[in-house]
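Here is the structure we will look at.
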Amino acid sequence: MSKTVTYSSVAKKIIMSLAGLFLTSFLVVHLLINLLILFDKSLELFNQAAHFMATNPLIQTFQYVLFFGFILHIILGVVLQIQNWVARPVRYERKGSSEQSYFSKFMIHTGAIIFIFLIIHFANFFVKAKFGHIDSITYDSGTYENLGQLVVMLFSDGGYVIFYVIAILLLGFHLEHGFQSAFQSLGLNHSRYTPFIKGLGTVFSILVTLGFIAIPLVIYFSF
Amino acid sequence: MDLTLKIWRQATASEKGKFVEYQVHNISADASFLEMLDVLNEELVRKGEDPVAFDHDCREGICGACSLYINGRPHGPDKGITTCQMHMRRFKDGETIVIEPWRAKPFPVIKDLMVDRTAFDEIIQAGGYVSINTGGVPDANAIPIPKRDADTAMDAAACIGCGACVAACKNASAMLFVAAKVSQLAVLPQGKIEARERVQNMVAKMDELGFGNCTNTYACEAECPKEISVSHIARMNREYLSAKLLSQKK
Ligand code: SF4
Ligand code: FES
């Protein structure tokens, strides 16, 4: 931790962006698996995929890399933010807002709420799946833990659905800035590709947000 | 024009400052912002009061001395110009204008609206130069430089070191300034030779002085009077990364 503070500002941003892009790739996988719920009401596809993720040794090892990525991204984000607050001890009376990447203003705020969401999410799913008891279900293809049932049950609670949807919206805002920002931090700025990357980042964050939001809504209203 | 000015007054670096309201009358819409402040100061001197201290020198937008955070924006509401180049016609008659100094830990207030920008000089001293012997002035075109590189270097060299990028940034980051200096030299053959040490030394100095970390908000680019592009920041990140990865062991 003390080492992260002594890294230069540019180095911290480079690490931050790499961790962010890595977490983004995880999001995509997570979303694709979740979407299986919508395509198969018997939950067989989803349970099968969840089983694969939970038992494949490569993915299990990768889980630790993922935790590390989360922790790195969070700690660095907090360190950067504290240093940035310290860099302006006297605030402006009439604060301007010249930011061209709008959501850049709220990265620490959206990040903090996503972090809280993450902890609740973790307790709801991961801890239960790993250490708690989950009923099994048998299909033609085999017997799996019925994780899908757990998802459906949680999303039948309207309050939880609202909380989930808000958290995902904030995640979308976080991504909208983060995606293109990561490329800039890595020095990947090019007159030809940067506009494309910015557009891609926006489309990507909208799709990811809509994808994640669709799942609880569909479950709540039609399962 | 009649205006109400809310100006930050602070007698010395160590004393506490506060906002003081002033009224100015009969200001010409064609006066520059600094001329408007001159009118106020003449009046203050006539009344035996302490005039408002603010930085200025060339008053033609090339020296980088003038500053002022005007109604929430460095160098005022216009894009791509300095405070000295901004005219009062940009404001409405009867408007209240809030005028603050640049706010950043490495830019302490000296008096009123004047801040100490020595930190920028220190960053330049850390590497913003070419120290190899480049010989006498070469014949034109003796050193071929692609037009695109020459343009990039010229665009970066337009930075006048005013510090508006720091003032505008929510993180008080100096990345645009430092990136302009790094870029300007890194793309030219004479500057390339020391490029790796330069970028590392200048970034280290920038951090040491207490500027914030860049979070790619791009407020700097929007407020820079010379419209320096954030693509220079990306170039600096690139230079930094390759310098760190490729530098030989000391
Ligand atoms: S980059 Fe622009 S805003 Fe920053 S010091 Fe140079 S001219 Fe001023
Ligand atoms: S006084 Fe020289 S740039 Fe404004």
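Going down the list, the sequences are from chains D and V. If you count the first sequence from 1, position 187 lands on 188 in the numbering used here, and the numbers rise without skipping. If you count the second sequence from 1, position 150 lands on 180 in the numbering used here, and the numbers rise without skipping. Don't be surprised by glycine CBs; every beta carbon is placed ideally from N, CA and C. Here the structure is a predicted model, which is why all the values come from computation and not from measurement.
- In terms of beta-carbon proximity, residue 206 of chain D stays away from the interface with chain V, with every pair separated by 8 angstroms or more.
- When Cβ pairs closer than 8 angstroms are counted between the two stretches, the region 100-115 of chain V is seen to touch the region 253-261 of chain V, the count reaching three or more.
- Listed along chain D are 190, each with a C-beta nearer than 7 angstroms to that of residue 261 of chain V.
- Ranked by Cα distance from residue 104 of chain D, the first of D:172, D:116, D:168 is D:172.
- Here residue 60 of chain V is exposed, its C-beta having fewer than 16 other C-beta atoms within 10 Å.
- Taking 8 angstroms as the cut-off, the Cβ atoms of residue 244 of chain V and residue 10 of chain D count as close.
- Under the 8 angstroms criterion on CB atoms, residue 90 of chain D is classed as interfacial with respect to chain V.
- Across the structure, residue 162 of chain V and residue 209 of chain V are spaced so that their CA atoms are roughly 21 angstroms apart.
- Residue 71 of chain V and residue 191 of chain D have their C-alpha atoms spaced approximately 48 angstroms apart.
- Think of a sphere of 9 angstroms around the beta carbon of residue 81 of chain D: the chain V residues whose beta carbon falls inside it are 201, 242, 243, 245, in chain order.
- Along the region 153-229 of chain V, the alpha helix (DSSP H) occurs as fully enclosed runs of 4 or more residues at 177-187, 194-198, 205-216, 219-222, listed in sequence order.
- Counted as a single uninterrupted DSSP element, the alpha helix (DSSP H) harbouring residue 72 of chain D occupies residues 58-87.
- Rounded to the nearest whole angstrom, the C-alpha separation of residue 233 of chain V and residue 123 of chain D is 39 angstroms.
- The Cβ atoms of residue 260 of chain V and residue 220 of chain V lie no closer than 8 angstroms to each other.
- Chain D has no Cβ within less than 8 angstroms of the Cβ of residue 157 of chain V.
- At least one C-beta of chain D is nearer than 8 angstroms to the C-beta of residue 133 of chain V.
- The alpha helix (DSSP H) runs of length 4 or more contained entirely in the region 143-197 of chain D are, from start to end of the chain, 148-155, 159-186.
- Relative to the ligand FES, even the nearest heavy atom lies 7 angstroms or more away from the CB of residue 187 of chain V.
- At a cut-off of 8 angstroms between beta carbons, residue 177 of chain D makes no contact with chain V.
- Within chain D, the C-beta atoms nearer than 9 angstroms to that of residue 271 of chain V come from 11, 12, 15, 187, 188, in chain order.
- Taking CB atoms only, residue 193 of chain D has no neighbour in chain V less than 8 angstroms away.
- The beta carbon of residue 75 of chain D sits closer than 7 angstroms to the beta carbons of 116 from its chain, once the five residues preceding and following it are set aside; these are given in chain order.
- Counting only the Cα atoms, residue 83 of chain V lies some 44 angstroms from residue 180 of chain D.
- Listed in chain order, the non-local C-beta contacts of residue 100 of chain D below 7 angstroms within the same chain comprise 106, local neighbours out to five positions each way being set aside.
- Beta-bridge partners of residue 49 of chain D (DSSP): none assigned.
- In this structure residue 77 of chain D touches residue 17 of chain D by the C-beta definition: roughly 5 angstroms separates them, less than 8 angstroms.
- In this structure, the beta-carbon distance from residue 89 of chain D to residue 134 of chain V falls below 8 angstroms.
- Within the same chain, 196, 236, 241 come within 6 angstroms of residue 204 of chain V by CB-CB distance, once the 5 residues on both sides are set aside.
- No heavy atom of the ligand SF4 is found nearer than 7 angstroms to the CB of residue 239 of chain V.
- Within the model, the alpha-carbon separation for residue 99 of chain V versus residue 129 of chain D is close to 54 angstroms.
- Residue 69 of chain V is outside the set of residues whose beta carbon lies under 8 angstroms from a beta carbon in chain D.
- Per DSSP, the beta-bridge partners of residue 130 of chain V are V:99.
- The beta carbons of residue 215 of chain V and residue 228 of chain V sit about 7 angstroms from each other, so the pair counts as a contact at 8 angstroms.
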